[in-house]
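Chains as they are written, first to last, in our numbering: chain A, 1 to 360; chain B, 1001 to 1266.
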Amino acid sequence: MIDARRLSSRLGTFRLDAVSFTVPTGSYGVVIGPAGSGKTTLLETIAGVIPASGGELRLGDRVATRLPPEARRVGLVYQHGYLFPHLSVSDNVAYGATDQGSVDEVVHRFALHELLGRDVVSLSGGERQLVAIARALAMRPQVLLLDEPFSALDPRRRTVTRREVRAIHREWGLTVLQVTHDFTEAGLLGDVAILLDRGQVLQFGPPEDVFRKPASPYIAEFLGAENVLAGVARVLADTAPDWMDGASAALSEGHHAIEFTSGALRLYTVGAPPSAGTCYAVIRAEEVVLARQPHASSARNLFRGRVSEVVTLGAYSRVTLDVEGVPLVAALTARSVHELALVEGVEAFATFKAMAVHLC
Amino acid sequence: MSIRPGITSVLAALAASLLLLFLLAPIGELIIEGAVPGIRQLATDAELRAALTLTGLTATIATLLGVATGTPLAYLLARHNFRGRGLLSAVLDLPLVIPHPVAGIALLLVFGRQSAVGGVLLSVGLRVVGTPIGIVCAMLFVSVPLYVSGAREAFARVDPRFESVARTLGDGAWSVFRRITVPLAGRGILAAAVVMWARAVSEFGAIVILTYNPKTVGVLSYDRFTTYGLREAIPVAAVLVLIALLPLALLRTLRGDRVTNVGGKR
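Now the structure itself:
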């Protein structure tokens, strides 16, 4: 387990500011955030190479806030590997190893046999990352901290290595915390996602919650939500069902029918009553369905508009529909765009479910 | 009006050539005139041989003392930000900026017979002034700042993340210093020690105040010059220059290495 409670540290003028989150024992956490948000500093503070200036850190069942790095049993893998250049690859892997069996196991699992005799300076960036991961695992850590560990690997090797790390994590019951810029990787690997910005944790929780229910429009935009609309929300009725007058069933938290207005757009959603004043509606582009004809469905939101832009990247297309001046972005396959003949200027209909609208 | 790059290059080359000529002409003349007679004289001149041995030995002892005491200081300055760091650096540079005879006088004040420290040392049988110990003190004083400065740079060039990784792999601070920092900074530290040794060998001003006899090669060449004239001083001076060339060659070999930051980029 990694349990940070208002953990703070300082590196030059940068401050990691009272961050709190928990990655349960045997879970895989991912840290995401813009460049310079303090992701590496967070890992270094957990590893103990940057001393904590405040708060508490628990690793497993121990309070580790003041423990020296060598007493924490934390493996740290930097993006650039930091292999010791005066040692051979095999000496690097064995550097902190508990026994030869551990070395042999990681060498086998990451297929490093051919690299063992090589000089460290002759390795490629990807090979260095592999050796660095193996070196950290050979010491059998209780916590593994990975700072963009797969960034220099080619796509095939990245998939294989990611799978292997995930397998070791499961087999050994290892707690992992990985920094990544790749949201797909974060979604694939993570049990817990931690969003960091300017030294502070903005949001943490299961990746699907962080991605689908961002706590602020800034988070939504950072996480790549294309449709973030500012507007005003109002609860349609305090009792259920909302379409019948005089109904009496009281609503529990998070079950209100809500109308959200942004310019000419009027959305229907359900959830907790939003705070007064301006709020934001987030709709992921993947949730928006386009059609050339309106059709009846269970989706509560249906809008007519004109296609203002079509951007195609391989098999993926991003279509922007202008709905009375409000741009609504939908993610489609290129094939759907072709079959529906979606080109700039044509009329189209966008639908999405009330559940696809997240208010923050 | 702008100067064309061609003219700038010619002017720069001319200035550099003049400087090189200024540096090389006296040394070249000295070697041409004195190297062969100096080497021949080594076989017959017992005083020159003794001076050479004494110079090598005292410079080596001073360098070893400098490495032993200056290395922790260099590491501290390279790795830690603390109050008074700037002042400490200035104090370390002080011996480089004061005239060396003045350094000799200052040392005499501390280690002379009349001084408290000199008195204590004498009481335990250690005489500094007029002995090889005085030569070592003078050499150490004037040359150790060069070692600390060089070693500090060598440590600073080692990316601290190598040390961080080693700590997480189970090494304590001392073990990391021994297994990671010193090997990675090793060539730079050795180069700094060579520079210190070379500077110690060539020291004259402070030594002549503290210990005129027994004579180092520098003092001997001065002695021959004042007693017998230029002709007699040239072979001794040439031998001193040849000794200084040896560490210089070693230094150039060591500086071929720049590998300390081996991250992921090739």
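Don't be surprised by glycine CBs; every beta carbon is placed ideally from N, CA and C.
Presumed contact (8 Å Cβ cut-off) between G364/A and T261/A, rounded CB distance: With chain A covering 1 to 360 only, the question about residue 364/A has no answer from this structure.
Sequence ranges, beta strand (DSSP E) only - wholly within the segment 12-79 of chain A, length at least 3: Listed in chain order, the complete beta strand (DSSP E) runs (minimum 3 residues) inside the segment 12-79 of chain A are 14-23, 28-32, 52-59, 74-77.
If you scan the segment 1075-1101 of chain B from start to end, which runs of the alpha helix (DSSP H) of 4 or more residues do you find wholly inside it? Runs found: 1085-1097.
For the candidate residues F84/A, E114/A, G29/A, T159/A, whose alpha-carbon lies nearest to that of P206/A? With distances taken between CA atoms, P206/A lies nearest to G29/A out of F84/A, E114/A, G29/A, T159/A.
Does the segment 279-294 of chain A come close enough to the segment 1004-1023 of chain B to have 3 or more Cβ pairs within less than 8 Å? The answer is no - the segment 1004-1023 of chain B does not touch the segment 279-294 of chain A, with fewer than three Cβ pairs under 8 Å.
How about V49/A and R1167/B: do their beta carbons lie closer than 8 Å? Less than 8 Å separates the beta-carbon of V49/A from that of R1167/B.
Using DSSP's beta-bridge definition, name the partner residues of E309/A. Answer by DSSP bridge pairing, in chain order: T320/A.
Closest by C-alpha distance to P34/A, when choosing among E164/A, R163/A, G199/A, L342/A: Comparing Cα-Cα distances from P34/A to each of E164/A, R163/A, G199/A, L342/A, the minimum goes to G199/A.
Of the listed residues L116/A, Y316/A, H181/A, nearest to F222/A (C-alpha basis): Measuring from the Cα of F222/A, the nearest candidate turns out to be H181/A.
Nearest by alpha-carbon distance to D191/A: which of T45/A, D322/A, T175/A is it? Checking every option, the nearest Cα to that of D191/A belongs to T175/A.
Helix, strand or coil: which one does DSSP assign to D1045/B? DSSP places D1045/B in coil when its eight states are reduced to three.
Measuring CA to CA, which of P85/A, F84/A, R58/A is closest to R72/A? The shortest C-alpha separation from R72/A is found at R58/A.
Residue of L1108/B, D1093/B, L1146/B, R1231/B minimising C-alpha distance to A1192/B: With distances taken between Cα atoms, A1192/B lies closest to L1146/B.
Residue ranges of each alpha helix (DSSP H) within the segment 113-184 of chain A, 4 or longer: Annotation note: the segment 113-184 of chain A contains the following uninterrupted alpha helix (DSSP H) runs of length 4 or greater, listed N- to C-terminal: 125-138, 155-172.
Among R1083/B, L1011/B, T1131/B, V1144/B, which residue has its Cα nearest to the Cα of A1198/B? Nearest option by C-alpha distance: V1144/B.
Given that I1180/B touches chain A, what residues does it touch there, using C-beta distances under 7 Å? The contacting residues are F84.
Hey, is L76/A's beta-carbon within less than 8 Å of any beta-carbon in chain B? When Cβ-Cβ separations below 8 Å define contact, L76/A makes contact with chain B.
Please compile the residues from chain B whose C-beta is within a distance smaller than 7 Å of the C-beta of G96/A. For G96/A, the C-beta contacts it makes with chain B under 7 Å involve L1169, G1170, in order along the chain.
Coil, strand or helix - V89/A by DSSP: Of the three classes helix, strand and coil, the one that applies to V89/A here is helix, per DSSP.
On the DSSP bridge list, what partners appear for G1028/B? Answer by DSSP bridge pairing: none, since G1028/B is not bridged.
Apart from the five residues on each side of it in sequence, which residues of its chain come closer than 8 Å, Cβ to Cβ, to T13/A? Taken in chain order, the list of residues that qualify is empty.
Measure the alpha-carbon distance for D1257/B versus I46/A and round it to whole angstroms. Its pLDDT being 48, under 50, D1257/B is placed unreliably in this model, and the value from its coordinates should be taken loosely. Roughly 34 Å separates the two Cα atoms.
Starting from the beta carbon of M1/A, find every residue of chain B whose beta carbon is closer than 7 Å, and list them in chain order. Those within 7 Å of M1/A in chain B number zero; the least Cβ separation is about 18 Å.
What does DSSP give as the partner residue(s) for L203/A in the beta ladder? It is worth fixing the name first, because residue 203/A is Gln in this sequence and not Leu. According to DSSP, which records beta bridges pairwise, Q203/A is partnered with L195/A.
Looking at the C-beta of P1183/B, does it have a partner C-beta in chain A at a distance below 8 Å? Judged by the 8 Å Cβ criterion, P1183/B is in contact with chain A.
In three-state DSSP terms, what is S1164/B? S1164/B: helix per DSSP, three-state reduction.
Do L236/A and E208/A have their C-beta atoms closer together than 8 Å? Going by beta carbons, L236/A and E208/A fall outside the 8 Å limit.
Do V179/A and E226/A come within 8 Å of each other at the CB atom, strictly closer than that value? Cβ atoms of E226/A and V179/A: not closer than 8 Å.
Same chain only: Cβ atoms within 7 Å of S365/A, ignoring 5 sequence neighbours per side: Nothing can be reported for residue 365/A: it is not among the residues displayed for chain A, which extend from 1 to 360.
Out of A1249/B, L1107/B, V1176/B, state which residue places its alpha-carbon closest to the alpha-carbon of F1141/B. Of A1249/B, L1107/B, V1176/B, the residue nearest in Cα terms is L1107/B.
Go ahead and pull the three-state DSSP assignment for D1223/B. DSSP, read as helix, strand or coil, puts D1223/B in helix.
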